[in-house]
Every structure is written in C-alpha cells, then in structure tokens.
Amino acid sequence: MKGTARNIFLDRIRAALGRSPGQSVEPLVVDYDMVRPSLPESADVREKLRALFIDRAVAVGMKVLTCQRAEVAQVVVNFLTEAAITSVQISSDPIIEQDLVEKMIEASIRVAGEEVELDVLYQEIECGITMAKAAVASTGSVVVTGSDQESRLTSLVPPNHLVLLSDSHIVEDLLDLTISLEDLPSCMTLVTGPSKTADIEGVLITGVHGPGRVQIVLFHGESATPSENS
Amino acid sequence: MKDPAAPPTSVDGEPILFPRGVHDIRPRAQRFLEDESLQSAVREATTLKDKARRDVLKEAFGDDVDQIRSIAGEIKRHTIDHLDHYIETWIERAEAAGTRVHLASDHQEANRIVVEIAREKNAKLCVKSKSMVTEEIHLLPQLEAAGVETVETDLGEFIIQVDDDAPSHIVMPMIHKDRKSVARAFVRELGAEYTEEPEQLTRIAREHLREKYRRADLGISGGNFLVAESGSLVLCTNEGNGRFCTSAPPTHIAVVGIEKLVPAFKDLWFLLHLLARSATGQPLTCYTQVLTGPRRQDDLDGPEEMHVVLVDAGRTRILADPQFRESLGCIRCGACLNACPVYRKATGHAYGSVYSGPIGAVITPLLQGLDRNPTLPEASSLCGACFEACPVNIDLPRMLVALRRKTRKRRGTLGERIALWGMGIAFSSERYYRLAASIHGYLLRCFAGGSDRLRSAPGPLSGWTRDRDLILPERRSFRKRWRDRGGAIR
Numbered sequence: 001m002k003g004t005a006r007n008i009f010l011d012r013i014r015a016a017l018g019r020s021p022g023q024s025v026e027p028l029v030v031d032y033d034m035v036r037p038s039l040p041e042s043a044d045v046r047e048k049l050r051a052l053f054i055d056r057a058v059a060v061g062m063k064v065l066t067c068q069r070a071e072v073a074q075v076v077v078n079f080l081t082e083a084a085i086t087s088v089q090i091s092s093d094p095i096i097e098q099d100l101v102e103k104m105i106e107a108s109i110r111v112a113g114e115e116v117e118l119d120v121l122y123q124e125i126e127c128g129i130t131m132a133k134a135a136v137a138s139t140g141s142v143v144v145t146g147s148d149q150e151s152r153l154t155s156l157v158p159p160n161h162l163v164l165l166s167d168s169h170i171v172e173d174l175l176d177l178t179i180s181l182e183d184l185p186s187c188m189t190l191v192t193g194p195s196k197t198a199d200i201e202g203v204l205i206t207g208v209h210g211p212g213r214v215q216i217v218l219f220h221g222e223s224a225t226p227s228e229n230s
Numbered sequence: 001m002k003d004p005a006a007p008p009t010s011v012d013g014e015p016i017l018f019p020r021g022v023h024d025i026r027p028r029a030q031r032f033l034e035d036e037s038l039q040s041a042v043r044e045a046t047t048l049k050d051k052a053r054r055d056v057l058k059e060a061f062g063d064d065v066d067q068i069r070s071i072a073g074e075i076k077r078h079t080i081d082h083l084d085h086y087i088e089t090w091i092e093r094a095e096a097a098g099t100r101v102h103l104a105s106d107h108q109e110a111n112r113i114v115v116e117i118a119r120e121k122n123a124k125l126c127v128k129s130k131s132m133v134t135e136e137i138h139l140l141p142q143l144e145a146a147g148v149e150t151v152e153t154d155l156g157e158f159i160i161q162v163d164d165d166a167p168s169h170i171v172m173p174m175i176h177k178d179r180k181s182v183a184r185a186f187v188r189e190l191g192a193e194y195t196e197e198p199e200q201l202t203r204i205a206r207e208h209l210r211e212k213y214r215r216a217d218l219g220i221s222g223g224n225f226l227v228a229e230s231g232s233l234v235l236c237t238n239e240g241n242g243r244f245c246t247s248a249p250p251t252h253i254a255v256v257g258i259e260k261l262v263p264a265f266k267d268l269w270f271l272l273h274l275l276a277r278s279a280t281g282q283p284l285t286c287y288t289q290v291l292t293g294p295r296r297q298d299d300l301d302g303p304e305e306m307h308v309v310l311v312d313a314g315r316t317r318i319l320a321d322p323q324f325r326e327s328l329g330c331i332r333c334g335a336c337l338n339a340c341p342v343y344r345k346a347t348g349h350a351y352g353s354v355y356s357g358p359i360g361a362v363i364t365p366l367l368q369g370l371d372r373n374p375t376l377p378e379a380s381s382l383c384g385a386c387f388e389a390c391p392v393n394i395d396l397p398r399m400l401v402a403l404r405r406k407t408r409k410r411r412g413t414l415g416e417r418i419a420l421w422g423m424g425i426a427f428s429s430e431r432y433y434r435l436a437a438s439i440h441g442y443l444l445r446c447f448a449g450g451s452d453r454l455r456s457a458p459g460p461l462s463g464w465t466r467d468r469d470l471i472l473p474e475r476r477s478f479r480k481r482w483r484d485r486g487g488a489i490r
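Chains as they are written, first to last, in the numbering used here: chain A, 1 to 230; chain B, 1 to 490.
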C-alpha cells in the first residue's frame, strides 16, 4: 500500500518531467572550485589556513585564543576564571585532554558531564565545552556534532560555548570537509558565530536562544582522538 | 469578539496571507504607501540588506560573482530536471538512516500527516522553527485544532504569533513592525513589563521560550536543502531556535517542499556560499545543521524519531511547464525582495502570500492559481533588479512577462492598439523619434500643470497614474546637451 502511494507520487513527478522510472542521470559537470577563496601562495599551508580561519572567525563575532597543545588546560582555566564562569558541562570527547578536568576542579570550577540533569543544564551551567571535529577557513566555521561522544545540547543550551580546535583540523573551504557517507553523525552543525538576530528594527542582538559567546581555543598540534588512544 | 482560530486580517478585512476569492495587490499597496513609518522601515531594511549582499559577494568572489550565480543556477536546474531521480535516492538514503519519510500531494494531506504523528505521540506542546511551507499549507491552525499548543520560536515569528500578525518577508518576517508594537504585544499577551529596548525584548522572548523547549514533546522545522547522496536534511538558522526544535523534543518533524533537493554535498557547499551572503550578508548563517536520521543507539541526545514530510502541493504542476520550471530552483534567500523597487513600496502584506516580492509574484499565482492572483505579475517594473540579485540566476522578469501574457488572452482595447501603432511609427526612424519625444515631453508638462511630477493624467491615461506617478523629462534632451558639449552624434 505504502509502496503504491509512493509510486503514484513519484510517477506524477516523472510524468511532469517526461522521464521514465529508473532512467539514468548524466552527472552534472561544473567548476565547483569557483567559490574557493583565493589565497596568497605560501610555503606553509597550515599557517596560511590558520591565519585565514582566525580572521574569518573573528569577523563573524567569535573569539579566538591560540596556544600550544600542552597549554590547552591552562588557557581554558584562565579564560573561565577571567569570565567568572564557575560551572561547565563537558562532553566526553574533550575529556581526553587529560589534565583539563583536573585543572578546572583545582580552580574550583564545577564540572558536569553529559549525564547532567536538564534542570541543571538549563539553569546552572554557564559554559559548554566541546571539541571541534573540523574548521573551515574560508567561512570561519567550526564543526560540532551530536553523536555518541558529544551531546547536541552542550554547545547550545549554556550562554557560553568554548570550542577546542586543533590547527591540524582546519580545511580551506567547505568543499574540503571530508564527509564520510558511512559514518555521518546524526547531527553535524557548522557554527559560524554566536547566536544572533536582527529581527527587531534591524538591531543586532547576540545570545538569542543559543550561546551569546563562542570562544575558540585554537591549539597547535594534533588532538588526541579515541582511536589514536586505543 | 474575534474568533481565536480566525487568521489575522489586513486593511481590506481579508486574511493577510492567502485572502479568500480573488486577490488584488493594488488596494493594499495603496494603503501601505500612505503609512510613513512602514515605508521608512521597509526602505531602510531592504536597502541595507541589498547593499550588504552586493558588498560581501564582491568581497568574497570579486568579478566572478555572475559566473558563480550562473553555476549555482545550473546546479539547481539540473536537480529540478531530474527531480524524480534525486527524490528517490534521497528517500532511500534517508530511510536507511532511520528517517521516516512521508509524501504529501497537497496541503490537506501534509497537514493530516503532521497532525496524525502529533496524535500518535500524544503531543501537547510543539515548538516550531521558521518555515515558509508550513505557512503555505496553514499547518498551525490544524495543530491547534488537534489540541497541540504550537509555539513559533524564531524571534520574529514568535513576535508575529504573539501579536496576531503575519510574516511580510521571507527572511526578515517582521520587517513591517516596530519595537513599540512588540513592547505592547509583550505586555498584553505575556504580562511582561513595558520596554522598548530590543535587547530586553529579546531576553523576554528567550526566557519564555526556554521553558517551552524543555517541555515540548514535538519539534517542527522546515528545511533549506535535502542532500540526495546522504539522505540528509539541512537547516540554516541564526538564533539557535532551530537547533532546539530539532534536538530537545523527542519527535522532530520537518515539512519540506520537494524542490529542496541537491544531488551531493559539493552542491550543498556551493549553494551555501551564496545563500546567507544573498540573504543577510553573512558568509554562512550562524548554524548550518546537517541532520541525518534521528539519534543513533549510542547518541547522547537528539530526537528518538525524525520524520520528513515532502510536500508537492502544486509543485509538479510548475515542474510540468518548461516556461516556469526554473522558479522551483529558488533557495528562499529574499534577495529579490530587497532589490525590488515595487516590493520596497508595496511591502510584503500587499502580495497576500507568504511568498512576496518578485519570486512571490511568480510562484504565488503558479501555486494558488493565476485566476485568484491576476494582478501579482503586474507588480513589477520589469527593471531586472531581481534577476541580477538572484543567487541561482532565475529569470524572474521573463516569467512575469509570460504570466502577464496568460492574463491577456484578448487583444488590447482600441486605444491601446492605436497607442502601440503610434509607438511603432515613432521608433521607426530617428526623425519621428525626436518629434515624438518632444511632443511627449510637452504633453506631460501640460498634464502635470507646473508640478515636477505627473500625478494624474487625463482621460484613458488616468488608469496608468492611478497606481504610479512619473518624473517629468528634462526640457533639454540628452541628445541636445550632448551636442552642446561638443559630443558627436551619428
């Protein structure tokens, strides 16, 4: 029954197009690279992408702190302390930055995992900490996911979102994001700026429903991933 | 007392969106022209966004902008020309990822599907993000009638819902409202303290809606793109409400038009480079979500069920007509609205459709019937600004003319035929042209009677000036001035 209704629906579209079921499609050939940014030639590709990413991320209203991999925990704690943030939620992925949780607890910051009660998440947690899977230099975006390692709500509910990003994960353009169709997460989100609106008389306001502040900690060096650890 | 289920009405007493019977854009446009604050709000917002679009496209792509627009158009046209193939592929991949796919031939069927899911889930509270197609099919009254409280969560749409109004722009839904009306509505409907500060008003909405996200048992969204190769749904939003609606409630339903497909991720990325830049001047919207099925077994959160309702509702009819097929390539950026001199003056509600401006003047008659919207294709000066602004290179002026041709089955009146015959002669030689131009200027100045504009012409010409005025030509023609400056004339 369901199959029949579906065929009727598709047949109507086919009839409108003058096509028959299963008729093949010639792949579209166009110059996708036209949208790539034109970057100055330079020997150090990573440095070039890093500079472009920072420039674009700042332009859309995100903040970027840079450091070496070994300094990540200290930089995060310093940021939280200066921002007077006393409670954070952290997804399991960044916990692999081993000493991060320890350092935060030492600094009297309350650290919750993803099992935290919704009441607490909505009312008490001031900052969500996640690990960026990738970043796009040309648009200044960081990629966060909803998966078995990362909660969708961590980067959404608290008023601050802190993203850890390895500079080895920055790609030049959206076109360079490696999408594996086999293990695409259920939710992949490109974050390009803090939550914003200009609905009331065009006045720009940040922090409408999502985080009003997005702080990126961009570190030099590879990030540990679970597969590398195991 | 007003029936709470009745749709909000406009100056003519008809529903703002989709009036009953035959809709004429002119009486509403005339009333809106007299509203000074509406005029200045819409003028400012559209001029600003139009300039932002040009600037950022130029900055990002330099002189390649037009070539990029034309490639983007090719991508959408290729998809639309093979829509059956891409829909079939998408359905297969989406179902493999656990998405439940529903097909709706018309409005009624789409609404019935959504209401049935809501009933099955025993939903009491629904949070909804911005979606044009749900306005098109009148989904909200149906949900409310089924006992599901439904809350719009996009700030602009929330305000519009609270104030019993309707959106007037595809991207900036409350472009026609000022902060005072928001303040009054929040006091009246939410019991808030009176404030006109946009920051404070936003906070009030934020607090009100956070509670709703937590309690909602259903989330409804639209969709910007469907990626065939992965079966994904793509949402482009700025405020974060779209992420809440698709992450917090246990059930997510996306209502999406069948034309939203793209073949593969590379096509998606290409179009995304243009969508936000054309809409608001951003490189990308703050959040671009690629959703592929409901939460997986080990996922930490996300909806347990994800449904996508693919809506036809007249789209196959457009598909079948090669003259108008390309209108289905529209990615709803709103750039043609911002660029259009008629939209800027008539403003969104005059069109009587959730799709206003040049794209609305084309697709509203195609979706709802030209007989119900005979004047919409006339709402254009055919200046071509919409075509130039369109990121997917849709030739809107060509289609507006084609629609006008359909409403003109009869030959012109005798007067019109004489006028056109006269014009034919005037344009047939330089001498006749110069003679006609000077007579034309002389007559216009006589009719204008000392004013700098022609506001009402006599006799049969009065029909033309009923809706427009005309700046008078200079006394000294361009050719004369050119010659006086020593320029050569062939």
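Cβ atoms here follow ideal geometry from the backbone N, Cα and C, with glycine treated the same way.
Measuring straight from C-alpha to C-alpha, what distance separates residue i and residue j?
i        : j        : result
B/Leu461 : B/Ala379 : 19 Å
A/His161 : A/Val217 : 11 Å
B/Leu83  : B/Ile16  : 33 Å
B/Leu271 : A/Val35  : 9 Å
B/Lys266 : A/Tyr32  : 7 Å
A/Gly221 : A/Val75  : 15 Å
B/Gln282 : A/Thr139 : 9 Å
B/Thr46  : B/Ala339 : 7 Å
B/Glu193 : B/Arg93  : 50 Å
B/Leu472 : B/Arg43  : 24 Å
B/Tyr433 : B/Ser456 : 25 Å
B/Pro141 : B/Glu416 : 47 Å
A/Thr192 : B/Tyr287 : 6 Å
A/Arg14  : A/Pro21  : 7 Å
A/Ser42  : B/Ile25  : 57 Å
B/Ile359 : B/Ile113 : 28 Å
A/Thr225 : B/Glu305 : Any reading at A/Thr225 needs caution, since the residue's pLDDT is 45, under 50, leaving its predicted position unreliable; the model's value is listed next. Straight-line Cα distance between these residues: approximately 29 Å.
B/Leu553 : A/Gln149 : Residue 553 of chain B lies beyond the residue range present for chain B, which begins at 1 and ends at 490; the question has no answer from this structure.
B/Leu275 : A/Asp199 : 18 Å
Since residue i is in the alpha helix (DSSP H), which residue starts that stretch and which ends it?
i        : result
B/Ser438 : 430 to 448
A/Lys63  : Run containing A/Lys63: none in the alpha helix (DSSP H); it sits in the beta strand (DSSP E), 63 to 68.
A/Gln23  : Run containing A/Gln23: none; DSSP gives neither H nor E here.
B/His273 : 265 to 279
B/Ile491 : Residue 491 of chain B falls outside the range modelled here, since chain B spans only 1 to 490, and no answer is possible.
B/Arg479 : 478 to 484
Using 9 Å as the threshold, is the C-beta distance between residue i and residue j below it?
i        : j        : result
B/Ala254 : B/Ser230 : no
B/Cys390 : B/Cys336 : yes
B/Pro341 : B/Ala279 : no
B/Gly352 : B/Arg28  : yes
B/Val127 : B/Leu218 : yes
A/Ile109 : A/Ser87  : yes
B/Ser129 : A/Arg152 : no
B/Ser428 : B/Ser477 : no
B/Ile559 : B/Ile87  : For chain B, the structure presents residues 1 to 490; residue 559 of chain B sits outside this window and is missing.
B/Ala205 : A/Val64  : no
With residue i as the anchor, note down where its beta strand (DSSP E) starts and where it stops.
i        : result
B/Glu152 : 149 to 152
B/His307 : 305 to 311
B/Tyr287 : 287 to 291
A/Asn160 : 160 to 166
B/His252 : 251 to 257
Quick one: list the residues of chain C neighbouring residue i, beta-carbon separation under 7 Å, in chain order.
i      : result
A/Arg6 : Judged by its chain identifiers, the structure shown contains no chain C, and its protein chains are A and B.
- Residues in the stretch 55 to 66 of chain A having any Cβ partner in chain B nearer than 9 Å: Residues are counted here when their Cβ sits less than 9 Å from a Cβ of chain B; for the stretch 55 to 66 of chain A these are Arg56, Ala59, Val60, Gly61, given in chain order.
- Task: Report the residue ranges of all alpha helix (DSSP H) runs contained in full by the stretch 375 to 432 of chain B; include only those spanning at least 4 residues, in chain order.
- Result: Counting whole runs of 4 or more residues, the stretch 375 to 432 of chain B contains the alpha helix (DSSP H) stretches 385 to 389, 396 to 407, 414 to 426.
- Interface positions of the stretch 168 to 198 of chain A facing chain B (Cβ-Cβ less than 8 Å), listed along the chain: From the stretch 168 to 198 of chain A, only Asp173, Leu174, Leu175, Leu177, Ile179, Leu181, Leu184, Pro185, Ser186, Cys187, Met188, Thr189, Leu190, Val191, Thr192, Gly193, Pro194, Ser195, Lys196, Thr197, Ala198 have a Cβ closer than 8 Å to chain B.
- Item | Continuous beta strand (DSSP E) assignments of at least 3 residues falling wholly in the stretch 89 to 152 of chain B | With a minimum length of 3 residues, the unbroken runs of beta strand (DSSP E) contained wholly in the stretch 89 to 152 of chain B fall at 100 to 104, 125 to 128, 149 to 152.
- Task: Identify each residue in the stretch 328 to 340 of chain B for which the Cβ-Cβ distance to at least one residue of chain A is less than 8 Å, and report them in chain order.
- Result: In summary, no residue of the stretch 328 to 340 of chain B has a CB separated from any CB of chain A by less than 8 Å.
- Message: If the cut-off is 8 Å on Cβ atoms, which residues from the stretch 155 to 166 of chain B count as contacting chain A, listed in chain order?
- Response: Against chain A - using a Cβ distance shorter than 8 Å - the residues of the stretch 155 to 166 of chain B are Leu155, Gly156, Ile159.
- Unbroken alpha helix (DSSP H) runs of length 4 or more, entirely within the stretch 341 to 381 of chain B: which are they? Counting only runs of 4 or more, we get 341 to 346, 357 to 368.
- Query: Between the stretch 10 to 34 of chain A and chain B, which residues of the former have a C-beta closer than 7 Å to a C-beta of the latter?
  - Reply: Under the 7 Å Cβ criterion, the stretch 10 to 34 of chain A contributes Leu10, Arg12, Ile13, Arg14, Ala16, Leu17, Arg19, Val25, Leu28, Val30, Asp31, Tyr32, Met34.
- Query: Quick one: complete alpha helix (DSSP H) runs, 4+ long, within the stretch 148 to 183 of chain B?
  - Reply: Runs found: 155 to 162.
- When you check each C-beta in the stretch 219 to 246 of chain B against every C-beta of chain A, which residues fall closer than 8 Å? For chain A, the residues of the stretch 219 to 246 of chain B that bring a beta carbon within less than 8 Å of one of its beta carbons are Glu229, Ser230, Ser232, Asn238, Glu239, Gly240, Asn241, Arg243, Phe244, Thr246, in chain order.
- Message: Along the stretch 129 to 149 of chain A, where does the CB come closer than 9 Å to a CB of chain B? Name the residues.
- Response: The residues in question are Val136, Ser138, Thr139, Gly140, Ser141, Gly146, Ser147, Asp148, Gln149.
- Could you please tell me which residues of the stretch 201 to 216 of chain B, in chain order, have their CB closer than 7 Å to any CB of chain A? Within the stretch 201 to 216 of chain B, the residues whose Cβ lies closer than 7 Å to some Cβ of chain A are Leu201, Thr202, Arg206, Leu209, Arg210, Arg214, listed in chain order.
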